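Chains as they are written, first to last, in the numbering used here: chain A, 1 to 342; chain B, 1001 to 1342. First comes the structure, then the notes that go with it.
There are 2 protein chains.
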Amino acid sequence: MQAYTPGEQPRGGELIKLNTNENPFPPPPAVVKAICDAASGPLNRYPNPMAQSFRVAAAEALGLPGPEWILAGNGSDEILTILVRGFVGEGECLRLPHPSYILYRTLADIQGAKWEQVSFETDWSLPAAFSQSDEKLRLVLLPNPNSPSGTTIAPSEVERIANSLDCPLVVDEAYVDFANDNCVDLVKRNERVLVTRTLSKSYALAGIRFGYLVAQPHVIAELAKIKDSYNCDMISIAAATAAVQSKDWLAGIRTTMNATRERMSLRLSQLGFHVTPSQANFVWCQHPDGNHQAIYEHCKAGGYLIRYMTYHGYGDGLRISVGTDDQVDACLQLIQQWLQAQ
Amino acid sequence: MQAYTPGEQPRGGELIKLNTNENPFPPPPAVVKAICDAASGPLNRYPNPMAQSFRVAAAEALGLPGPEWILAGNGSDEILTILVRGFVGEGECLRLPHPSYILYRTLADIQGAKWEQVSFETDWSLPAAFSQSDEKLRLVLLPNPNSPSGTTIAPSEVERIANSLDCPLVVDEAYVDFANDNCVDLVKRNERVLVTRTLSKSYALAGIRFGYLVAQPHVIAELAKIKDSYNCDMISIAAATAAVQSKDWLAGIRTTMNATRERMSLRLSQLGFHVTPSQANFVWCQHPDGNHQAIYEHCKAGGYLIRYMTYHGYGDGLRISVGTDDQVDACLQLIQQWLQAQ
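Have a look at this one:
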């Protein structure tokens, strides 16, 4: 079996990373304080097994009826692992769109399960085949916004898909804080809609590993049986609780980063790229004359790591994370340099 | 499916906990400092996927050839989950001794696998059936020291068991820092011996969730494919690295707690209990005239939580964690009070 290969993580920090959609800014100041406070707490004791303080704060932040609508996890990766283990048995099948987040395929492989991909249309909408129910199908996964495209499927369409399927639909909202809409309200209306979130991207907390699931309480209760007893540690629970309470900070980050994203998209278009309109903290772009891999190498040699991606049956392109304005400007200059040298 | 039920975790902290084998002391001071330092580090970035700094420090502390002999996990619970997922398919079988750590059974249930229990002899040695190879058997788990007994199987006997089996033998050394011997050296000689450790008990870090596996490098490399990409967070990696470097601290804690354990065992014997000689940070005791559940209730009413355990086909008893001397004295006084009132 092949392992999932995460994006390059250079050691030493000499490269500017615009390749794994991390947030270029530090996390909310309240988080740093919460971690230091928790460090002098009772670390010799087991943490709360359900991360209750986080659930209360997250339910409040999302306008959910109560904490029992939330399952906390060690990153949304763990939440996705729990979902695949909970719903998909050996030899059963999960579905994902293509091109999309290939970790879902790895999770199926680890489980000894099958996966089927349904290709997006050229405008990044989903064909009817994605909503088709199937006897062997146990779980459908939809990143929304999607990666690498940064595009979204509207909540009304997501609801239609969920209603057509006989199995749960996971809406992976890792990037949703940079988008115009989300699917949390659908969860209240349909027990088969499951929304996953992470604190890695918008909250600038990839380092603490914290994600969560929003689902109806009876679904949360069943899935909680699968997780390790104490899956979230005391420090990250304190950090995550402080993070979701930092509403003004989040609004500010969103405004700043979305403005940079729009500027970046415009400049890339001016450089001749086809730029997919993004609702995430990254931009997917393809140059008609461009050798994407060569551009990636040129940026890397200049100290900027972006993501070169190639997808079977679809083609290749560049996914560039939204950095600070300075980082983005310097990276775009490298790209321009390469294009001009051709 | 029934979920695993961890020990009672009272909210509010009004009860003294001698029920889940936590360490009553705070963790090494270097850990608290490492956490605060890490809090001002790059939390917006993903952590090292293999927790490399910890692996280097742990390999050094254990006298292993190198970091590639270590797999870090989000608690040894996650390591155990990875082992069961890696070795035991649906419908296949794992083996554990009885009475022992019932989480292993839950892990088999989650995996859709079978489990078989082999009962300890009355002197807590293992019968021949435990070493018997079997076509359907994929993994054997042995807590050493065992819980609830606190007893150990000598490394030479563990090696004999491993050599008789056709599948890997997991030696769960959660409590080994309180014991006289360990099985790390066996790993070097036999690729089928896998040793798990946790920082929750001896290092007083149940709150940070950190455990690890010691195995031959090719085994570690295969199991690493199953874990989530970033299973350990930046803060807990820093904490765990500082912990395993705190050798003098560990030696001091061991001396203190083992002295309390011996005093506690002696007093319980004097109160008429049959006390199993323990090499862990808890004591398993049974009173010939005692109603164990009533003693548990009496202690709880007096502010001390101990563990009442009953095992199908074996019987019941009390497992009392080693607390501070004051905590242990107060708890023993409550027990004495109950016995005198009969």
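Backbone N, C-alpha and C fix where the C-beta goes; we use that ideal spot for every residue, glycine too. Treat the numbers as computed from the prediction; the structure is a model and nothing was measured.
- Of the residues B/P1099, B/P1027, B/K1136 and B/E1159, the one whose Cα lies closest to the Cα of B/G1089 is B/K1136.
- The alpha carbon of A/A204 has as its nearest neighbour, out of A/I16, A/T5 and A/P29, the alpha carbon of A/P29.
- Under the 10 Å beta carbon count, A/Q293 is surrounded by fewer than 16 other beta carbons and is classified as exposed.
- Following the DSSP letters along the chain, one finds A/P6 in no alpha helix (DSSP H), marked with neither H nor E.
- When 8 angstroms is used as the limit between beta carbons, A/S202 is near no residue of chain B, the shortest such separation being about 11 angstroms.
- Two segments are said to touch when three or more pairs of C-beta atoms, one from each, lie closer than 8 angstroms; by this definition the stretch 1317-1325 of chain B touches the stretch 1254-1274 of chain B.
- Put simply, of B/A1128, B/L1139 and B/R1045 the residue whose alpha carbon is nearest the alpha carbon of B/I1082 is B/L1139.
- Rounded to whole angstroms, the gap between the alpha carbons of A/Q279 and B/H1098 is 55 angstroms.
- With respect to the 8 angstroms criterion, A/G150 and A/T310 are not classified as neighbours on the basis of their beta carbons.
- From the beta-carbon of A/E90, the residues of chain B found nearer than 8 angstroms are G1089, E1090 and G1112.
- Neighbours of A/T81 in chain B, taken as residues whose beta carbon is under 7 angstroms from its own, are D1228 in chain order.
- Using beta-carbon distances, A/M309 does not count as an interface residue toward chain B, since no partner is under 8 angstroms.
- Distance from the CA atom of B/G1063 to the CA atom of B/V1187, rounded to whole angstroms, is 12 angstroms.
- Judged by their CB atoms, A/L213 and A/L199 are not nearer to each other than the 8 angstroms cut-off.
- Around the Cβ of A/N291, a 10 Å sphere holds fewer than 16 other Cβ atoms; the residue is exposed.
- When only Cα atoms are considered, A/A221 and B/N1146 end up about 31 angstroms apart.
- Setting aside the 5 residues that flank it on each side, A/D172 is surrounded in the same chain by P143 and T196, each with a C-beta closer than 6 angstroms to its C-beta; the list follows chain order.
- The contact set of B/I1035 on chain A, defined by CB atoms closer than 7 angstroms, consists of I35, A39 and I235 in chain order.
- Just so you know, the alpha carbons of B/Q1340 and A/N44 end up roughly 34 angstroms apart.
- When C-alpha distances from A/D177 are compared across A/G313, A/N281 and A/K17, the shortest belongs to A/N281.
- In this structure, the alpha-carbon of A/L103 lies about 11 angstroms from that of A/V84.
- One thing to note: B/A1034 has its Cβ within 8 angstroms of the Cβ of B/A1239.
- Fewer than three beta-carbon pairs drawn from the stretch 1054-1071 of chain B and the stretch 1105-1119 of chain B are found closer than 8 angstroms, and the two stretches are therefore not classed as touching.
- Chain-ordered, the chain B residues with CB closer than 8 angstroms to the CB of A/T20 read Y1046.
- Counting along the chain, the unbroken alpha helix (DSSP H) around A/E222 starts and ends at P217 to A224.
- For B/A1129, no CB of chain A lies under 8 angstroms from its own CB, so it is not counted at the interface with that chain.
- Going by beta carbons, B/H1298 and B/W1338 fall inside the 8 angstroms limit.
- In the three-state reduction of the DSSP assignment, B/E1022 falls in the coil class.
- With respect to the C-alpha of A/S156, the residue from A/F54, A/A57, A/G75 and A/D185 having the closest C-alpha is A/D185.
- Restricted to the stretch 1134-1207 of chain B, the alpha helix (DSSP H) segments that are unbroken, complete and at least 4 residues in length are 1155-1164 and 1184-1189, listed in chain order.
- Put simply, of B/S1131, B/Q1216 and B/M1050 the residue whose alpha carbon is nearest the alpha carbon of A/P6 is B/M1050.
- With a beta-carbon spacing of about 13 angstroms, B/N1019 and B/K1201 fall beyond the 8 angstroms limit used to define contacts.
- Taking the CA atoms as reference points, A/Y175 sits about 11 angstroms from A/P148.
- Taking a contact to require three or more Cβ pairs closer than 8 angstroms, the stretch 228-239 of chain A and the stretch 66-76 of chain A qualify as touching.
- Under the Cβ distance rule, B/I1208 counts among the residues neighbouring chain A, one pair being separated by less than 8 angstroms.
- Within a 10 Å sphere around the beta-carbon of B/H1312 sit fewer than 16 other beta-carbons, which makes this residue exposed.
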